[in-house]
Amino acid sequence: MTFLIVFLGAGLGGAARHGVNLVALRWLGPDSFPVGTLFINVLGSLLMGVVAEYFLVRVGLSQHLRLFLTTGILGGFTTFSAFSLETALLWERGEPFQAVAYALLSVSLAVAGLFVGLVMARTLAGLTP
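Start counting the sequence shown at 166; every next residue gets the next number (the numbering used here).
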């Protein structure tokens, strides 16, 4: 049941992300700064903070509703929100070194991984010398 709940939420979040990207593309054009993705990441992180603090801690939502909102909708909208929450939780647990290391490693290794993936795909396709 929990997989279905996450699946449904992620579908809604992914559709919302696609909609925001389409609006940004229409307004700003394809060669602009990635404002749509930046907006998604910031808004998703903001919403994750609201959900995590208010709804999860203060209101006590059910596990199914928590999964639907956080892992599902917000995870489908942006995984950056989960990354932001994990970084903040490390910081708030009194582990600032781990929080900074996690943030720096996550961003740098994710970007590096993307470049490695690009090279691998181009190599497999015969697009590199």
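Backbone N, C-alpha and C define an ideal beta-carbon position, used for all residues, glycine too.
Residue range of the alpha helix (DSSP H) that includes residue 253: Numbered from 1 along the sequence shown, position 88 holds the residue referred to as residue 253. Looking at the DSSP string, the run of the alpha helix (DSSP H) that includes residue 253 is 245 to 257.
Assigned exposure category for residue 166 - 16 Cβ within 10 Å defines buried: For the purposes of this step, residue 166 is taken as the residue at position 1 of the sequence shown. With fewer than 16 Cβ atoms within 10 Å of its Cβ, residue 166 is classed as exposed.
Member of 206, 236, 204 whose CA lies at the smallest distance from the CA of residue 217: Here the question's residue 217 lines up with position 52 in the sequence shown. For the residues 206, 236, 204, the minimum Cα distance to residue 217 belongs to 236.
Residue 261 - DSSP class collapsed to helix/strand/coil: Taking the first residue of the sequence shown as 1, we reach residue 261 at position 96. Residue 261: helix per DSSP, three-state reduction.
Residues near residue 268 in its chain [Cβ-Cβ closer than 7 Å; skip 5 each side]: Against the sequence shown, residue 268 aligns to sequence position 103. Closer than 7 Å at the Cβ level, and outside the excluded window around residue 268, lie 252.
Beta-carbon proximity check, residue 244 vs residue 182, cutoff 8 Å: As a first step, residue 244 must be located in the sequence shown, where it is residue number 79. As a first step, residue 182 must be located in the sequence shown, where it is residue number 17. No; because the gap between Cβ atoms is not below 8 Å, this pair is not in contact.
Cβ-Cβ distance between residue 249 and residue 210 below 8 Å: For the purposes of this step, residue 249 is taken as residue 84 along the sequence shown, with counting starting at 1. For the purposes of this step, residue 210 is taken as residue 45 along the sequence shown, with counting starting at 1. Their beta carbons are under 8 Å apart, which means residue 249 touches residue 210 by this criterion.
Pairwise C-alpha distance: residue 169 and residue 239: In the sequence shown, residue 239 corresponds to position 74, counting from 1. In the sequence shown, residue 169 corresponds to position 4, counting from 1. Rounded to whole angstroms, residue 239 to residue 169 spans 15 Å at the Cα level.
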